[in-house]
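Chains as they are written, first to last, in our numbering: chain A, 1 to 395; chain B, 396 to 790.
Structure, rendered in structure tokens:
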């Protein structure tokens, strides 16, 4: 045997995702359940960003190497869009295309953190962020946040207790995956002020910034006074333009750290496929009316969930999800065990423990993964199952 | 200012690539030089792997997420090809598609190494490997190898002096980038035996295994007795099938460590674009005669270089490069300074220091980056410049 079955210690805390576990269960089912567990969309991208149109725009030889910096035009289009959305003062040197939001956040962790650095993660959170922090040997510190915020606690009161000498950064996702909360401009400002007082880096996962509903408004953390130099903004064509399969996201921020991140990126992926960058560029250039239409469709889906789902949750203010508190009906059972029953009823949700250790009795429901008519059926099946649970008659 | 302008210490030793520096110089030139510095190809991929054909094979919605494991058919095609080439006993669980060879090697480093682990890198070497080792906090140890091997020294005699208690692995690239050496079956066996005696992991960068010329023969390190469990084989569609811009490479080896690598990969890039995986699959399925034709073209190009380039170098046995010893003509100057002169003569080569600290007076010449007629002009220009140098008349 070779000396090392010792692998990197950074692997110690990485766990297979709950989605991988679910996918294994799916194989045993007679039919696929309605997939309300996934964070994806049924929408096709705007036609200009679909492959047949993209092919018309390829450079002379699109099979050769290209710049590890990413296409200049693509970065310029990101800058232009963000300027229109209120995040101004950026140049193309502030933007690095990465392998989706995951690639951007992973690269950031590799650039910013040393082993032992603590990262505050506002919970519930997007599942992969915890593993990303672990994967560089830093320490994820889960901070139950959104429930306490909704209960009226002040941001310093929620966060102060979690800061230590080793705290390096705070991760916040707004519009939130999984709970659909959009931080108000005032809350965003309070959070910004607190991170400045504590002198922390900020990871602003604003992947869902294009999807905010009703009277809610998203404001970019990096746009607030004093925040540009300490904030990394992460966006992605996966969410904004229904291009998850093309793997184009953006890491955005001060070249003082983004230049080193570029160098790190060259040693991790080298570059993104040109064909994918062109798809993302087309979406940025031609996707505005598609985005309006999609936002309206998602808003209506969120509304249907708010009206019809017979469970305890805060209606979505933005994003693609609601986070359902099933602790009552589950009576101490973990959601992950309940999901096996749900699968046999033909619907799937994401078990809450993926979104934080305090959420074993919760579930994430995505309302953008399937078209409206399927969503209705999915809600029917969920309601039926929850009624049975309430009546003490599990499947 | 935020507390941390301290970034990850893993960035400390990363340097911008010499190619990035050259690209900046190119912008100041009246015309682009003949690019013999790049590691790319003028060949278009086999038609089945070009985008118009790939589009015909896309799944229902090719814009959604797909499995982080990579396509099962793609992994099966890699297994099938390798079995034909003498690397048997693999299953699809032994293969993980990554973002090119760079992505595969980076992922491997993130999986295998702890900070402080030493990695022997046989020099001269592919430039990015040094930074990849640095980027995880491990220590690259350059071992001048190929010259000493050609001079008749035994493999243990070359390597023994570099091993310490912290040595974890050995990186070898054959056919070699940059020097074109193909380790003979006997040398490969000696190297394998030595790594077993020393109980090391082996990184077998066999990116150019499809391009071996004349009477030379490549043998896979992982195929030798006792090597499967300690060897990571890295291959790439970039080199084998002229698909650098699609970013598909393969990390291949024992699931005992490849399973953890998959988990790491999910947290670094999540998945590869489906469209790129389909291109790589088409190349594997339909690329055999294209490969024969391309190998013959590269062989002829290597032969022309061997016949015509008026400099000191070992003729290529495989791969895409020769590594030219310019220490005589440069008389103590660094090649990187000479390249600025060469650029004005309309040709570019890669300065040797990128390939190891002992090679400042060397240059890598790629004979696959431009078509045959341009290669001849490039050689003419190089020869003219070298004649001037020899005559003491720099440009």
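Where a beta carbon is used, it is the ideal one built from N, C-alpha and C, also for glycine.
Quick check: what's the CA-CA separation for residue i versus residue j?
{"i": "residue 749 of chain B", "j": "residue 412 of chain B", "result": "8 Å"}
{"i": "residue 391 of chain A", "j": "residue 6 of chain A", "result": "51 Å"}
{"i": "residue 264 of chain A", "j": "residue 739 of chain B", "result": "31 Å"}
{"i": "residue 155 of chain A", "j": "residue 135 of chain A", "result": "28 Å"}
{"i": "residue 743 of chain B", "j": "residue 318 of chain A", "result": "53 Å"}
{"i": "residue 442 of chain B", "j": "residue 275 of chain A", "result": "16 Å"}
{"i": "residue 382 of chain A", "j": "residue 309 of chain A", "result": "8 Å"}
{"i": "residue 297 of chain A", "j": "residue 303 of chain A", "result": "10 Å"}
{"i": "residue 479 of chain B", "j": "residue 677 of chain B", "result": "17 Å"}
{"i": "residue 73 of chain A", "j": "residue 320 of chain A", "result": "29 Å"}
{"i": "residue 180 of chain A", "j": "residue 124 of chain A", "result": "10 Å"}
{"i": "residue 203 of chain A", "j": "residue 141 of chain A", "result": "14 Å"}
{"i": "residue 244 of chain A", "j": "residue 728 of chain B", "result": "50 Å"}
{"i": "residue 112 of chain A", "j": "residue 352 of chain A", "result": "29 Å"}
{"i": "residue 183 of chain A", "j": "residue 218 of chain A", "result": "7 Å"}
{"i": "residue 78 of chain A", "j": "residue 101 of chain A", "result": "14 Å"}
{"i": "residue 608 of chain B", "j": "residue 771 of chain B", "result": "20 Å"}
Going by beta carbon distance, what residues of the same chain come within less than 8 Å of residue i, once the five residues before and after it are set aside?
{"i": "residue 476 of chain B", "result": "679"}
{"i": "residue 12 of chain A", "result": "134"}
{"i": "residue 280 of chain A", "result": "49, 74, 97, 237, 241, 243, 246 and 248"}
{"i": "residue 527 of chain B", "result": "497, 500, 501 and 504"}
My output table needs one value for residue i: the three-state DSSP class, helix, strand or coil.
{"i": "residue 167 of chain A", "result": "strand"}
{"i": "residue 19 of chain A", "result": "helix"}
{"i": "residue 650 of chain B", "result": "helix"}
{"i": "residue 318 of chain A", "result": "strand"}
{"i": "residue 312 of chain A", "result": "strand"}
{"i": "residue 9 of chain A", "result": "helix"}
{"i": "residue 757 of chain B", "result": "strand"}
{"i": "residue 370 of chain A", "result": "coil"}
{"i": "residue 245 of chain A", "result": "helix"}
{"i": "residue 473 of chain B", "result": "helix"}
{"i": "residue 292 of chain A", "result": "helix"}
{"i": "residue 172 of chain A", "result": "strand"}
{"i": "residue 628 of chain B", "result": "strand"}
{"i": "residue 42 of chain A", "result": "coil"}
Would you mind reading off the limits of the alpha helix (DSSP H) that contains residue i?
{"i": "residue 195 of chain A", "result": "185-197"}
{"i": "residue 221 of chain A", "result": "Looking at the DSSP string, residue 221 of chain A is not in any alpha helix (DSSP H), and its letter there is neither H nor E."}
{"i": "residue 268 of chain A", "result": "It is not in any alpha helix (DSSP H) - residue 268 of chain A carries neither H nor E in the DSSP assignment."}
{"i": "residue 362 of chain B", "result": "The first residue shown for chain B is 396 and the last is 790, placing residue 362 of chain B beyond what the model contains."}
{"i": "residue 286 of chain A", "result": "274-286"}
{"i": "residue 51 of chain A", "result": "51-55"}
Just to confirm the assignment, what range does the beta strand (DSSP E) spanning residue i have?
{"i": "residue 210 of chain A", "result": "Here residue 210 of chain A belongs to no beta strand (DSSP E), and DSSP marks it neither H nor E."}
{"i": "residue 203 of chain A", "result": "201-205"}
{"i": "residue 515 of chain B", "result": "513-518"}
{"i": "residue 98 of chain A", "result": "95-98"}
{"i": "residue 142 of chain A", "result": "139-144"}
Sorted by chain position, which residues of the same chain lie with C-beta nearer than 6 Å to residue i's C-beta, five sequence neighbours on each side aside?
{"i": "residue 668 of chain B", "result": "none"}
{"i": "residue 784 of chain B", "result": "724"}
{"i": "residue 167 of chain A", "result": "118"}
Taking Cβ-Cβ distances shorter than 8 Å, what residues in chain B pair up with residue i?
{"i": "residue 114 of chain A", "result": "401, 403 and 404"}
{"i": "residue 244 of chain A", "result": "458, 459 and 460"}
{"i": "residue 287 of chain A", "result": "Going along chain B, no residue has its Cβ under 8 Å from residue 287 of chain A, so there is no contact; the nearest lies around 13 Å."}
{"i": "residue 103 of chain A", "result": "663, 664 and 665"}
Given that residue i touches chain B, what residues does it touch there, using C-beta distances under 9 Å?
{"i": "residue 260 of chain A", "result": "402, 403, 406 and 409"}
{"i": "residue 51 of chain A", "result": "446, 449, 450, 453, 457, 458 and 670"}
{"i": "residue 128 of chain A", "result": "661, 662 and 665"}
By the criterion of Cβ-Cβ separation under 8 Å, what are the contact partners of residue i in chain A?
{"i": "residue 530 of chain B", "result": "110, 264, 267 and 268"}
{"i": "residue 501 of chain B", "result": "267, 268 and 269"}
{"i": "residue 642 of chain B", "result": "269, 270, 271, 272 and 273"}
Could you work out which residues of chain A lie near residue i, taking near to mean beta carbons separated by less than 7 Å?
{"i": "residue 671 of chain B", "result": "273"}
{"i": "residue 495 of chain B", "result": "270"}
{"i": "residue 652 of chain B", "result": "7"}
What residues of chain A sit near residue i, judged by a beta carbon separation below 9 Å?
{"i": "residue 439 of chain B", "result": "61 and 63"}
{"i": "residue 412 of chain B", "result": "68, 263 and 266"}
{"i": "residue 527 of chain B", "result": "267 and 268"}
Go through its chain and collect everything with a Cβ distance to residue i's Cβ below 7 Å, but skip five positions before and after it.
{"i": "residue 44 of chain A", "result": "50 and 242"}
{"i": "residue 163 of chain A", "result": "198"}
{"i": "residue 655 of chain B", "result": "506"}
Say whether chain D places a C-beta atom closer than 8 Å to the C-beta of residue i.
{"i": "residue 687 of chain B", "result": "Among the chains of the structure shown, chain D does not appear; the protein chains present are A and B."}
Please determine whether the Cβ atom of residue i lies at a distance below 7 Å from any heavy atom of the ligand SAH.
{"i": "residue 303 of chain A", "result": "This structure does not include the ligand SAH; it has no bound ligands of any sort."}
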